[in-house]
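Visitor: Letter by letter, the sequence shown follows residues -23 to -1, 1 to 292 in mature numbering (1 follows the signal peptide of the UniProt record, and there is no 0). We put the CB at the ideal spot given by N, CA and C, even for glycine.
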Amino acid sequence: MMKQSVTPILLVLVLCSGYFALAQQENGSDLESDVESADSADAVEQNGTNQSGSNRVGRIYNGVPAASENQLYPALILAYSGSKLTRLVGMVFSDTWILTSASALGSAGTALTSVYVYVGNTPTINTTLVYTADTAYKYHINFNKTTLANDVGAVVINGSLVSDPRHLRTLSLATTEISVSTTNRTHCVVLGWGQLAGGTLNNTLAQADYELLTDQECSSAFNQTIPPSILCARSINGYACDMDGGAPLVCNGELYGILTAQTTCIPSSTAKTQKFAKIPIIFPPPATTPAPTTTTTPAPSSPSILPRKNYVSCS
């Protein structure tokens, strides 16, 4: 059974109807893909012991096990294009929608043959309970794959999460921008599936600590103009990597950002600055109709009292 707040219920109606379009199947992706063979993916999912190369890692690196309040909304998405597999992260948004990154979905290509979704981490993911999803994924109608503006996408599962026995929950979407201070940073967490320092993958949901950067710091870090719908955050403890595209950035208990596609990741002790879709800009709260103003007409001055007339009914 899903626990869902009023805000996501209202927003999903808006999002489904006006913000998303289907990915075009005939167009190839210009984004680099991080893929593995299906055999390799199966080995990882079964025992989580696949070793990555010394210069390539994926998923949350050196993070810590996710706090209990962060375990029931993240989703692991496995997108297959033939025998090739792309891993990405998402979050439960409704009983059928998994919210993620459009650029991360694009890295999987548009000719997908199958999509699988795992949800409900306690904290280890249950690999025996899996949902299939529509291969025609969705992306924000104003997504720009060059600038990464409005970098939000979604996959739609076949069936419904309502009856899932693990009491899944959604996460409220932030509706107000956070005022970033360079002297008193806002700390947030990014959720994904852990990789140990030695490169071993596992099925335990992990989180890494991040701090928000100002727009100026973001532009300077990437030496480019950053669109308003993108924010930057810098890792503090652990960091997200290649297979964490679409991972939720949670600030003050709300979804504040979604990690853009990550195509390269080299193990290091240096803090990483990464781009995230800025949720309160991409999905502003639905406009409310202002209450009608009423004009009060001054009461007229009291007229002179007229003599009362007696009316007699005639039967």
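If the criterion is Cβ atoms closer than 8 Å, does the pair V69 and Y57 meet it?
Guide: no
Visitor: Excluding the five sequence neighbours on either side, which residues of its own chain have a C-beta within less than 6 Å of the C-beta of N127, listed in chain order?
Guide: Non-local C-beta neighbours of N127 in its own chain, meaning closer than 6 Å and more than five positions away in sequence, comprise H117, N119, F120, S206 and I259, ordered along the chain.
Visitor: Rounded to a whole number of angstroms, what is the C-alpha to C-alpha distance between Q201 and P261?
Guide: 25 Å
Visitor: For a test of the three-state rule: what should DSSP assign to P257, helix, strand or coil?
Guide: Correct three-state label for P257: helix.
Visitor: Decide if the region 158 to 166 is in contact with the region 237 to 247; the criterion is three or more beta carbon pairs, one per stretch, under 8 Å apart.
Guide: no
Visitor: In its own chain, which residues sit with a C-beta less than 7 Å from the C-beta of V157, not counting the 5 before and 5 after it?
Guide: T163, L189, L190 and T191
Visitor: If you reduce the DSSP assignment to three classes, tell me which class Q193 lands in.
Guide: helix
Visitor: If you reduce the DSSP assignment to three classes, tell me which class D219 lands in.
Guide: helix
Visitor: Would you decide whether Q193 is buried or exposed? Buried here means 16 or more other CB atoms lie within 10 Å of its CB.
Guide: exposed
Visitor: If we count the other Cβ atoms within 10 Å of its Cβ and call it buried at 16 or more, is L89 buried or exposed?
Guide: Buried.
Visitor: Could you check where the beta strand (DSSP E) with A52 kicks off and where it finishes?
Guide: P51 to S58
Visitor: Using only the alpha-carbon positions, how far apart do L145 and V92 sit?
Guide: 20 Å
Visitor: Starting from A131, trace the alpha helix (DSSP H) in both directions and tell me its first and last residue.
Guide: A131 -> not in any alpha helix (DSSP H); beta strand (DSSP E) instead, spanning G130 to V133.
Visitor: Helix, strand or coil for L182 per DSSP?
Guide: strand
Visitor: What number of angstroms, rounded off, separates the C-alpha of E154 from the C-alpha of V133?
Guide: 28 Å
Visitor: Going residue by residue through the region 65 to 143, where are the continuous beta strand (DSSP E) segments of at least 3 residues, counting only ones entirely within it?
Guide: Segments of the beta strand (DSSP E) lying fully in the region 65 to 143: 74 to 77, 91 to 96, 108 to 110, 115 to 117 and 130 to 133.
Visitor: Hey, K252 and L125: beta-carbon distance below 8 Å or not?
Guide: Their beta carbons are under 8 Å apart, which means K252 touches L125 by this criterion.
Visitor: Please classify S212: does DSSP put it in a helix, a strand, or coil?
Guide: strand
Visitor: Rounded to a whole number of angstroms, what is the C-alpha to C-alpha distance between T73 and I54?
Guide: 14 Å
Visitor: What does G169 pair with, by DSSP beta-bridge criteria?
Guide: A183
Visitor: Looking only at its chain, what residues have a beta carbon closer than 6 Å to the beta carbon of N135, apart from the 5 residues adjacent to it on each side?
Guide: T109
Visitor: Can you name the start and end residues of the beta strand (DSSP E) that G234 belongs to?
Guide: E231 to L236
Visitor: Just to confirm my understanding: we take Y233, look at its own chain, exclude 5 residues before and 5 after, and list those with CB closer than 6 Å. What are they?
Guide: A151, L226 and I256
Visitor: Taking DSSP's pairing of strands, which residues face C228 in a bridge?
Guide: E231
Visitor: Looking at the structure shown, is E46 part of a helix, part of a strand, or coil, going by DSSP?
Guide: In the structure shown, E46 sits in a helix (DSSP, three-state: H, G or I).
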